[in-house]
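If you're matching positions, the sequence shown starts at 1 in full-length UniProt numbering and goes up one per residue.
Note that CB positions come from ideal geometry on N, CA and C, so glycine has one too.
Below is one structure, written out as structure tokens; comments come after it.
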Amino acid sequence: MTDSRIAVAGAAGRMGRTLVQAVTAADGLALTAGTERPGSPFLGADAGELAGVGCLNVPIRARLDEVTDAFDCLIDFTTPAGTLEHLRSCEAAGRSMVIGTTGLDAAQRQTIERAAQRIPVVLAPNMSVGVNLCFKLLEVAAQVLGDEVDIEILEAHHRHKVDAPSGTALKMGEVIATTLGRDLGAVAVYGREGHTGPRDRATIGFATVRAGDVVGEHSVWFVGEGERIEITHKASNRMTFARGAARAAAWLAGRPAGLYDMRDVLGLNH
Ligand SMILES: NC(=O)C1=CN([C@@H]2O[C@H](COP(=O)(O)OP(=O)(O)OC[C@H]3O[C@@H](n4cnc5c(N)ncnc54)[C@H](O)[C@@H]3O)[C@@H](O)[C@H]2O)C=CC1
Ligand SMILES: O=C(O)C1=N[C@H](C(=O)O)C[C@H](O)C1
Numbered sequence: 001m002t003d004s005r006i007a008v009a010g011a012a013g014r015m016g017r018t019l020v021q022a023v024t025a026a027d028g029l030a031l032t033a034g035t036e037r038p039g040s041p042f043l044g045a046d047a048g049e050l051a052g053v054g055c056l057n058v059p060i061r062a063r064l065d066e067v068t069d070a071f072d073c074l075i076d077f078t079t080p081a082g083t084l085e086h087l088r089s090c091e092a093a094g095r096s097m098v099i100g101t102t103g104l105d106a107a108q109r110q111t112i113e114r115a116a117q118r119i120p121v122v123l124a125p126n127m128s129v130g131v132n133l134c135f136k137l138l139e140v141a142a143q144v145l146g147d148e149v150d151i152e153i154l155e156a157h158h159r160h161k162v163d164a165p166s167g168t169a170l171k172m173g174e175v176i177a178t179t180l181g182r183d184l185g186a187v188a189v190y191g192r193e194g195h196t197g198p199r200d201r202a203t204i205g206f207a208t209v210r211a212g213d214v215v216g217e218h219s220v221w222f223v224g225e226g227e228r229i230e231i232t233h234k235a236s237n238r239m240t241f242a243r244g245a246a247r248a249a250a251w252l253a254g255r256p257a258g259l260y261d262m263r264d265v266l267g268l269n270h
């Protein structure tokens, strides 16, 4: 079988470089294209050399639409605006996409949903196996504990992260709210200050820390009378996300158009 040809958008970024390493190390995948934002100082550099895996003869380009013949699947961990631009190119060329970008608004998600009627897309705010297992554990915890507990979601990330709460924390909130029949938009509390009054049990609280080089930590507290359950995931390096994205790209080969998430890739959606 021939290797799936993979492009990495944002190939000079923190995730981009790690994705190049993961794709290069994966069986059945070959890195055949890489892009960066127009004006990036890394345009023209070799994606493999930048990622520390040796020369791959893949020069980083500024425009994805000029290289769509060179790949089957795009892995995109960039910015919401960049991802939407890349989505248009992939839809026009019939290429699949793995999207890890977070901070997407409702309209941007709808655009992705529409495009996924024509091309296969995996969209997930966290590609690690552990976090996707945590989503399952959260469903069970919410089912068992129901309205008997207060629920708080705590997350911490590095100082460069630009969106808050993290995409993972929001997804955790959605999983819990859906399980409990609540509307996250109505019950989410994003930080507290001043005279807040006592806590309303139906709310789901979010707390965000941004500091130093924290890779990504999420903890959900279910707090009742006399006991507290914590479901916690700590990522200690970015390769856990990158390996998941490479796995998703391999899984997409030959799939029909549709919007999938990491739980589909990992077989956790049954
Ligand atoms: N789903 C997951 O498992 C994970 C998702 N993320 C998300 O991935 C995104 C990127 O995170 P980092 O790598 O830490 O950020 P970063 O800022 O280090 O990298 C983003 C890269 O994309 C490039 N870029 C921006 N616009 C572009 C465009 N139009 N075309 C090509 N390249 C473009 C930037 O120049 C930069 O090099 C964030 O939204 C983050 O939350 C991060 C880790 C895991
Ligand atoms: O920006 C990051 O770094 C991360 N972002 C993702 C998110 O917003 O959930 C996933 C991971 O925690 C790292």
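Non-local beta-carbon contacts of residue 53 in its own chain, meaning distances under 6 Å to residues more than five positions away in sequence, involve 21 and 24 in chain order. If you check the CB distance, residue 233 and residue 130 come in under 8 Å.
The distance from the Cβ of residue 230 to that of residue 221 is about 6 Å, consistent with a contact at the 8 Å cut-off. Rounded to the nearest whole angstrom, the CA to CA distance from residue 91 to residue 29 is 21 Å. Under the rule that a run must span 3 or more residues, the beta strand (DSSP E) segments found entirely inside the region 209 to 259 read 216 to 223 and 228 to 235.
In chain order, 4, 5, 6, 95, 96 and 253 place their CB closer than 8 Å to the CB of residue 72, counting only its own chain and leaving out the 5 sequence neighbours on each side. Within its own chain, the residues whose Cβ lies closer than 6 Å to the Cβ of residue 124, once the five positions on either side in sequence are excluded, are 261 and 262, listed in chain order.
Remark: C-beta atoms of residue 117 and residue 257 approach each other more closely than 8 Å. Residues whose Cβ lies closer than 5 Å to any heavy atom of ligand 2, listed in chain order: 102, 125, 126, 161, 166, 167, 168 and 216. Per DSSP, residue 86 is one residue of the alpha helix (DSSP H) stretching across 80 to 93. In this structure, the straight-line span from the alpha carbon of residue 58 to that of residue 74 is close to 14 Å.
Residue environment analysis places residue 160 among the exposed positions, since fewer than 16 neighbouring C-beta atoms fall within 10 angstroms of its C-beta. Cα atoms of residue 207 and residue 266: separation of roughly 28 Å, rounded to the nearest angstrom.
Partner residues in the beta bridge of residue 204, as assigned by DSSP, are 151 and 188. Separation of the CB atoms of residue 82 and residue 126 is rounded to 19 Å, and the pair is thereby denied contact status at 8 Å. Positions of the beta strand (DSSP E) runs, each at least 3 residues long and wholly inside the UniProt domain "Dihydrodipicolinate reductase N-terminal" (5 to 127), are given as 29 to 35, 73 to 76, 96 to 99 and 120 to 123 in order along the chain. In this structure, residue 112 and residue 259 form a Cβ contact; the two beta carbons are roughly 7 Å apart against a cut-off of 8 Å. A straight line joining the alpha-carbon of residue 191 with that of residue 155 spans about 12 Å. When DSSP states are grouped into helix, strand and coil, residue 156 belongs to the strand group. In the structure shown, residue 132 adopts helical secondary structure according to DSSP, grouped into three states.
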